[in-house]
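Inspection log for the structure reproduced underneath, given as structure tokens.
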Amino acid sequence: MNALMNSVTVSGKTFTYQKPWDGRRLSLLPTCPYLAFDTETEMVDLKVQIPRLALAAVSTGRQHALVRPDQIADFIQIHADARFVFHHAAFDFWVIDKHLLEQGAEKARRKWWDACDQNRMHDTMLLDALIRLAEGRAQKMKSSDKDWLPLRDLAEVATDYTALRITKEDPYRTRYSEIIGQDWDDVEDGFFSYAIKDPIVTYRAYLNMIDKAERLMQENGYDPKRSPKEPCEIAPDAVKRFGYLTEQIQVKGSIALEQLTRTGMCLDTPRLTQLRESYRHQLDEIIDTFLREYPEVIKRAKNGSVQRST
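If you read the sequence shown in our numbering, its first letter stands for residue 6, the second for the next number, and so on.
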């Protein structure tokens with residue numbers, strides 16, 4: 006299938022996009038190597054299952070494209086140096102990882118993991134929450150006095166950071182299982198026009214968000230020109246090491262937690278028992294030392310428990 010140029014209108018602005026991607030590298034400027042990336046999948050119970058990929062949609066701000074599942078490995082390898090921007094990175098990361106694993110595309114899968122390990126995966130959903138936290142916009146929970154930060158969908162985030170308006174109520178959003186394995190010539194255009202809007206909006210929102218995040222950091226003492234040896238409120242290399250407002254830490258943590266929530270953890274019971282007994286023995290030795298050398302500090306009660314001396 007040859008790439009065709011299609012168009013979609015968002016808030017009165019028309020964007021042209023490739024359907025499907027033509028196989029050539031999209032333009033990534035060295036000063037702005039961001040590539041917004043979104044997946045559309047079947048609907049499943051995400052607590053127990055990773056859904057199948059129906060398509061991916063991408064945007065560099067200047068070029069936009071839809072990527073077929075069979076093109077994903079090539080796309081990632083050609084854009085291996087990009088900084089991928091998602092809205093809910095943990096979801097898209099595992100969808101692509103599963104797809105590449107099933108396709109036997111280990112080279113592309115390694116590039117995908119490298120992007121995460123090298124802090125080249127970003128998340129508008131998480132950065133939005135961090136910005137609101139920095140601004141003191143945490144909300145009160147209805148059932149308690151605790152503060153919380155509800156994670157917002159892309160339509161809500163776009164309203165705050167762009168002039169583009171999209172909706173998450175489109176009926177095509179829940180129907181992508183219908184097009185898995187189908188020839189795109191036979192697929193309704195609504196599936197494509199809905200999908201391409203997300204990365205277009207994500208890209209624009211993220212660039213505005215990082216500007217805002219940096220200003221918030223600067224207002225609280227961030228200055229990348231200062232020496233790391235100088236005392237300061239925020240380390241001058243904080244963005245490089247942790248991302249804006251610690252976004253990179255949050256992205257990696259969310260990806261790990263997503264999989265952990267789905268699969269659970271294996272517990273090595275014999276090892277746990279061994280460690281508990283070892284630490285218990287060490288603690289007993291410390292207590293015995295205190296009882297012997299500092300009886301004025303602690304003593305044993307009649308029931309054998311340790312308590313402070315009076």
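All C-beta atoms in this analysis are idealised placements derived from N, C-alpha and C, irrespective of residue type, glycine included.
DSSP state of residue i mapped onto helix, strand, coil
i: T207; result: helix
i: V302; result: coil
i: M6; result: Because the pLDDT of M6 is 46, which lies under 50, any placement of that residue in the model is unreliable, and the number read from its coordinates should be weighed accordingly. DSSP places M6 in coil when its eight states are reduced to three.
i: T251; result: helix
i: E107; result: helix
i: S198; result: helix
i: A95; result: helix
i: R220; result: helix
i: L58; result: strand
i: L51; result: coil
i: E45; result: strand
i: Q76; result: helix
i: R115; result: helix
i: I184; result: helix
i: N225; result: coil
i: D293; result: helix
i: N213; result: helix
i: D27; result: coil
i: K230; result: coil
Same chain, Cβ closer than 7 Å to residue i, five either side skipped, listed in chain order
i: A168; result: S16
i: L138; result: L154
i: A163; result: L169, R170, I171, V206 and A210
i: I184; result: A59, V192 and F196
i: G317; result: Outside the displayed range of the chain (6 to 315) lies residue 317, so it cannot be described from this structure.
i: W99; result: I55, E263 and Q264
i: M214; result: T129, L132, D133, I136 and Y166
i: K217; result: I136
i: W26; result: A8, A70, L71, V72, Q76 and F80
i: A78; result: L105, Q108, A110 and A113
i: Q253; result: N124 and F247
Cβ-based neighbour list, residue i, same chain, cut-off 8 Å, excluding 5 preceding and 5 following
i: L212; result: C37, Y39 and G66
i: R30; result: I83 and H84
i: L221; result: I136, A139, E140 and L250
i: P236; result: none
heavy atom of the ligand MG below 8 Å from residue i C-beta
i: A306; result: The ligand MG is absent from the structure shown, which contains no ligands of any kind.
Same chain, Cβ closer than 6 Å to residue i, neighbours up to 5 away in sequence not counted
i: M130; result: H92, H93 and L156
i: Y199; result: D175 and Y177
i: N11; result: Y22 and K24
i: K103; result: I55
i: A306; result: Q312
i: R88; result: P38, Y39 and R125
i: I260; result: A95 and F98
i: M270; result: none
i: S182; result: E47
Residue-level contact to chain C via CB, residue i, 9 Å cutoff
i: K257; result: Given the protein chain composition of this structure (a single chain), no chain C is represented.
Residues bridged to residue i (per DSSP)
i: V13; result: F20
i: Y39; result: R88
i: V63; result: F42 and A70
i: V192; result: The partner list for V192 (beta bridge, DSSP) is empty, contrary to what the question assumes.
i: R313; result: I303
i: L34; result: C37
Could you give the uninterrupted runs of the alpha helix (DSSP H) lying entirely in the region 119-181, keeping only those of 4 residues or more? Annotation note: the region 119-181 contains the following uninterrupted alpha helix (DSSP H) runs of length 4 or greater, listed N- to C-terminal: 129-139 and 159-166.
Cβ contact (3+ pairs, closer than 8 Å) linking the region 116-129 and the region 248-264: Segments in contact, yes.
Length at least 4, wholly inside the region 232-291: the alpha helix (DSSP H) runs in chain order: 243-247 and 252-268
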